[in-house]
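Each residue of the sequence shown is one higher than the last, beginning at 239 in this note's numbering. The beta carbon of each residue, even a glycine, is placed where N, CA and C say it ideally should be. Quick caveat, the model's predicted, so the values are computed rather than measured.
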Amino acid sequence: MAASGLRNYAIVTAAYWGFTLTDGALRMLVLFTFFQLGYSPFTLAFLFLLYEAAGIGANFIGGWLAARFGITRMLMVGLSTQIFGFLLLSAVSPEWGSALLVVWVVVAQGVCGVAKDLTKTASKSAIKITEAQAMGGGDGRLFKWVAWFTGSKNAMKGVGFFLGGLLLQLIGFRYALWLMAAALLLVLLGIVFSLPPMMGKTKASRSARELFAKSRGINLLAAARVVLFGARDVWFVVGVPVFLYASGWTFTMVGAFLALWTIGYGFVQAAAPSLVARSPDGLSREVPAARWWSLALAIVPVLIAIVLALAPPNPTIVLVVGLGVFGVAFAVNSSVHSYLVLAYAGSEKAAEDVGFYYAANAAGRFIGILASGFLYQLGGIYACLIGSALMLFICWVVTLALPTRNGSAAVVA
239 MAASGLRNYA IVTAAYWGFT LTDGALRMLV LFTFFQLGYS PFTLAFLFLL YEAAGIGANF
299 IGGWLAARFG ITRMLMVGLS TQIFGFLLLS AVSPEWGSAL LVVWVVVAQG VCGVAKDLTK
359 TASKSAIKIT EAQAMGGGDG RLFKWVAWFT GSKNAMKGVG FFLGGLLLQL IGFRYALWLM
419 AAALLLVLLG IVFSLPPMMG KTKASRSARE LFAKSRGINL LAAARVVLFG ARDVWFVVGV
479 PVFLYASGWT FTMVGAFLAL WTIGYGFVQA AAPSLVARSP DGLSREVPAA RWWSLALAIV
539 PVLIAIVLAL APPNPTIVLV VGLGVFGVAF AVNSSVHSYL VLAYAGSEKA AEDVGFYYAA
599 NAAGRFIGIL ASGFLYQLGG IYACLIGSAL MLFICWVVTL ALPTRNGSAA VVA
């Protein structure tokens with residue numbers, strides 16, 4: 239059983255790496271292609287809105303579907319949907335009218351948003367299942383598995399950012415999408431022939447009331463997740479790439495920087511268990527750590543905004559250094575939150591709890607992306623930073639209410 243759990247964990251992680259690589263590349267392909275066509279920052283943000291909005295429902299329903307039909311089947315559906323989204327997006331033509339082009343891209347991005355969050359919910363739910371199968375892993379195993387999965391995934395997403403900029407420069411938008419669709423088809427075939435088809439299948443909720451009945455810890459974490467990821471995307475998705483490109487950076491340079499940032503962010507996430515004090519019950523030290531790291535993160539964009547307001551001779555250096563500091567604190571916050579949701583989640587319906595939590599994650603990204611385009615157009619990168627700081631202080635306030643015990647039973651991580 240232990241060997242089977244480790245094997246399945248490795249397969250799910252590798253599959254999600256492949257998915258995340260193409261998903262990161264997709265963001266750069268869409269952002270830079272339509273920036274070249276002359277679209278405003280707000281319109282660029284609008285192109286990603288349905289992608290995030292679709293993810294809200296996909297996460298929530300995906301958790302129920304994973305419990306009802308099994309995690310493996312949801313992985314297969316997520317990968318297949320992403321392939322379809324790539325092919326749909328590749329059909330777009332700059333010769334179309336502006337309205338049709340925007341609608342087509344938004345719809346195709348919505349399909350990819352569903353794919354992303356079905357795959358994410360299934361993959362992260364699988365950690366709880368495979369960790370339970372791999373008995374005897376010792377104290378801290380769940381935190382380590384979550385941290386490694388999340389960190390390595392984000393490192394792969396960073397590689398995807400670079401890949402997107404590179405592919406756009408070398409082979410163009412359409413051929414890049416076709417190449418990525420072919421790569422995902424290989425990943426899909428690997429899942430079909432290597433994972434048990436009914437992995438993670440359990441008794442799903444039978445009513446909407448039961449589906450929405452979450453623990454206090456899950457509900458508070460979901461609220462914190464909304465503003466945590468909104469605070470990142472409010473300046474990272476549109477503001478930073480457009481600011482750097484407008485400052486004279488090339489597409490490849492911007493993609494390479496975002497790649498390095500995300501890879502470094504992923505390594506910090508993977509190392510988070512060594513930065514956070516562990517407790518026998520899995521919550522009494524981890525929850526206070528979440529509070530302190532949230533406060534530290536909230537201060538960072540405030541400091542960056544203050545320095546930029548002083549009109550330094552090279553604002554891009556300030557932004558790059560500041561983003562590095564932000565990435566370290568954000569990575570630890572994200573890793574601790576990703577662990578806590580599984581620590582709070584019930585074993586019987588872990589997929590539903592995880593789906594609910596990542597629906598909040600998608601809602602935060604939706605809010606952040608919408609605000610990013612609006613604020614950048616209103617007041618540039620400075621306005622985006624102020625918006626980020628406000629969201630992060632709300633996140634810190636919410637974490638103050640997180641419970642340090644999970645019901646009547648202690649959580650052994």
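Mapping DSSP to helix, strand and coil, what is residue i?
i: D471; result: helix
i: G410; result: coil
i: V343; result: helix
i: L496; result: helix
i: A451; result: Unreliable positioning characterises A451 in this predicted model, as indicated by a pLDDT of 48, which lies under 50. The coordinate reading is nonetheless provided below. Coil.
i: W255; result: helix
i: W386; result: helix
i: Y620; result: helix
i: E524; result: helix
i: W487; result: coil
i: A515; result: coil
i: R643; result: coil
i: N552; result: coil
i: A393; result: helix
i: P332; result: coil
i: S196; result: In this structure the chain extends from 239 to 651, so residue 196 is not present and cannot be described.
i: Y595; result: helix
i: V476; result: coil
i: F568; result: helix
i: G276; result: coil
i: G348; result: helix
i: G308; result: coil
i: F286; result: coil
i: N638; result: The amino acid occupying residue 638 in the given sequence is Leu; Asn does not appear at that position. Correct three-state label for L638: coil.
i: V559; result: helix
Between the options, which lies nearest to residue i when the distance is taken from Cα to Cα?
i: A597; options: R529, S626, L356; result: L356
i: T637; options: V472, R463, E290; result: R463
i: L628; options: G428, A543, L404, R643; result: A543
i: G316; options: V345, F286, L408, L422; result: L422
i: F505; options: V559, A600, M394; result: M394
i: I321; options: L338, P332, G256; result: G256
i: D261; options: F400, M314, C633, L580; result: F400
i: L613; options: I249, K354, V475; result: V475
i: V465; options: L405, N571, L408, G593; result: N571
i: L382; options: G403, S512, A461, R311; result: The question names Leu, but residue 382 is Lys in the sequence shown. Out of G403, S512, A461, R311, S512 has the C-alpha closest to the C-alpha of K382.
i: T500; options: F270, F568, A360; result: F568
i: V579; options: V538, L616, A461, L496; result: A461
i: L496; options: G308, V525, G398; result: G398
i: A581; options: L459, A509, A639, F631; result: L459
i: F631; options: F467, L264, S336, S453; result: F467
i: V425; options: E333, T319, Q507; result: T319
i: R529; options: L557, L267, V635; result: V635
i: L285; options: G335, V514, W342; result: W342
i: G428; options: N246, G617, I619; result: N246
i: R265; options: D471, N457, S485; result: D471
i: V514; options: Q407, A385, A549; result: A385
i: V559; options: L541, V525, H575, L548; result: L541
i: V556; options: E524, V352, I619, A534; result: I619
i: L406; options: S328, V349, P539, S432; result: S328
i: G455; options: L326, L259, Y577, A291; result: Y577
i: Y595; options: A484, E290, I537, H575; result: H575
i: N457; options: G335, L640, T251; result: L640
i: A248; options: P553, E290, S432, S485; result: S432
i: Y483; options: T554, L616, L339, I309; result: T554
i: C525; options: A536, S573, N552; result: Checking the sequence, you will find Val at residue 525 rather than Cys. Ranking the options by Cα distance to V525, first place goes to S573.
i: V349; options: L326, I607, A509, S453; result: L326
Residue i and residue j look like a contact to me (Cβ under 8 Å); what is the Cβ gap, rounded to whole Å?
i: Q347; j: L275; result: 15 Å between Cβ atoms; not a contact.
i: F273; j: V480; result: 7 Å
i: N392; j: Y254; result: Between Y254 and N392 the Cβ distance is about 11 Å, and since that is not below 8 Å, they are no contact.
i: F270; j: A419; result: Not really, about 19 Å apart at Cβ, beyond 8 Å.
i: S361; j: L313; result: 7 Å
i: V545; j: T359; result: No, V545 and T359 are not in contact; Cβ-Cβ is about 39 Å, not under 8 Å.
i: L267; j: G396; result: With a Cβ gap of about 15 Å, L267 and G396 do not count as contacting.
i: G611; j: G493; result: No, G611 and G493 are not in contact; Cβ-Cβ is about 20 Å, not under 8 Å.
i: S517; j: R523; result: 4 Å
i: T642; j: L521; result: 5 Å
Q) Would you call the region 277-285 and the region 409-420 in contact, with 3 or more CB pairs under 8 Å? A) Three or more Cβ pairs closer than 8 Å define a contact, and the region 277-285 falls short of that threshold against the region 409-420.
Q. Contact between the region 487-496 and the region 610-629: three or more CB pairs below 8 Å?
A. By the Cβ criterion, the region 487-496 is not in contact with the region 610-629, since fewer than three pairs of Cβ atoms, one from each stretch, lie closer than 8 Å.
Q.
Assess contact between the region 552-572 and the region 599-607, defined as three or more Cβ pairs (one per stretch) separated by less than 8 Å. Is contact present?
A. The region 552-572, when compared against the region 599-607, does not touch it at the 8 Å Cβ threshold.
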